[in-house]
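A short worksheet on the structure shown next.
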Amino acid sequence: MTVSTDDLVVDIVRTLEKQGIPRDAYQLGREFDPEALARLLETGGDSVEVRLEVRGVSLVATNHGVWVTDDPPSSQPECPKCGLPVAAVVQLVPAYHTAYPCGCRVEEDLLE
Numbered sequence: 014m015t016v017s018t019d020d021l022v023v024d025i026v027r028t029l030e031k032q033g034i035p036r037d038a039y040q041l042g043r044e045f046d047p048e049a050l051a052r053l054l055e056t057g058g059d060s061v062e063v064r065l066e067v068r069g070v071s072l073v074a075t076n077h078g079v080w081v082t083d084d085p086p087s088s089q090p091e092c093p094k095c096g097l098p099v100a101a102v103v104q105l106v107p108a109y110h111t112a113y114p115c116g117c118r119v120e121e122d123l124l125e
């Protein structure tokens, strides 16, 4: 299923509005990168589920849609190299894993 950035943003905005969060209370581009999220959902297939929080509302995004969850997002682990919070671990080649957003090289199981 193709996930367009525009459809994803509209889905997130409508979901947040249903929770009483007005459009002028946040800027999605400052909360996360909508284009990167859309690419992740599109390329990851049915196995990818992204949990994010916008203004205190916990959301789950998949290539099938966005919905509110009662599960609070887990606290972000700290990077073992620099101590900054790690939002994701990016794998560009099989043996190389990079913490995001700091860019430090880390073990692949950091977020497990």
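Count along the sequence shown starting at 1, add 13, and that's the number in the working numbering.
Beta carbons: idealized from backbone N, C-alpha and C, even for Gly.
- When DSSP states are grouped into helix, strand and coil, L97 belongs to the coil group.
- E66 has S71 as its beta-bridge partners, per DSSP.
- Sorting D19, G96 and P107 by C-alpha distance to the C-alpha of P114 places G96 at the top.
- The C-alpha of S71 is placed about 22 Å away from the C-alpha of G58.
- Across the set V79, A108 and V99, the C-alpha of V79 shows the shortest separation from the C-alpha of Q32.
- The bridge partners DSSP lists for T111 are V103 and R118.
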